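Working notes for the structure below.
Residue numbers (the numbering used here): 3 to 109.
Okay, here's the thing in structure tokens:
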């Protein structure tokens with residue numbers, strides 16, 4: 003589930019949208035067949051809608067973008083990674099809650 007403020011990334015857009023971003027970026031690595039990803043996706047969309055201009059929020063479908071998943075060592079979904087200044091800063095793997103996602107961004 004992607005909200006209107008969640009950027010759907012591709013191999014062609016990942017570096018520009020994430021690594022070159024001026025704001026911290028929360029990237030939700032997901033898959034359409036993953037039930038927990040649907041729940042995380044809804045929370046990610048809410049966070050995106052509530053934090054426009056403060057954070058950038060995006061998602062990557064690991065089946066559509068296997069090279070990006072491989073580059074960041076994604077072995078399971080859902081996985082959420084926070085990037086700042088072009089670098090991977092924090093990561094969480096598995097089902098979690100909204101508070102944990104916000105703490106990842108604010109740490």
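For each residue, glycine too, the CB sits at the ideal point set by N, CA and C. Just so we're clear, the structure is a prediction, and the values are computed from it rather than from any experiment.
Cα separation between residue i and residue j?
{"i": "residue 19", "j": "residue 11", "result": "8 Å"}
{"i": "residue 77", "j": "residue 96", "result": "11 Å"}
{"i": "residue 109", "j": "residue 61", "result": "20 Å"}
{"i": "residue 58", "j": "residue 104", "result": "13 Å"}
{"i": "residue 99", "j": "residue 37", "result": "15 Å"}
{"i": "residue 33", "j": "residue 39", "result": "7 Å"}
Under 8 Å Cβ to Cβ from residue i, same chain only, skipping five residues before and after it: list those, please.
{"i": "residue 67", "result": "11, 12, 13 and 16"}
With which residues is residue i paired in a DSSP beta bridge?
{"i": "residue 92", "result": "84"}
{"i": "residue 57", "result": "54"}
{"i": "residue 79", "result": "Answer is none; residue 79 lacks a bridge partner."}
Can you list, in chain order, the residues of its chain whose CB lies under 7 Å from that of residue i, leaving out five sequence neighbours each side?
{"i": "residue 102", "result": "94"}
{"i": "residue 45", "result": "100 and 103"}
Near residue i, what residues of its chain come up, given a Cβ to Cβ distance below 6 Å and the 5 sequence neighbours on each side ignored?
{"i": "residue 88", "result": "21"}
{"i": "residue 54", "result": "7"}
{"i": "residue 5", "result": "47, 50 and 51"}
Compare the Cα-Cα distances from residue i to each of the options and report the closest residue.
{"i": "residue 71", "options": "57, 29, 35 and 23", "result": "29"}
{"i": "residue 107", "options": "56, 43, 69 and 64", "result": "56"}
Quick check on the DSSP output: what are the complete beta strand (DSSP E) runs of length 3 or more inside the stretch 8-55, in order along the chain? 8-10 and 27-32
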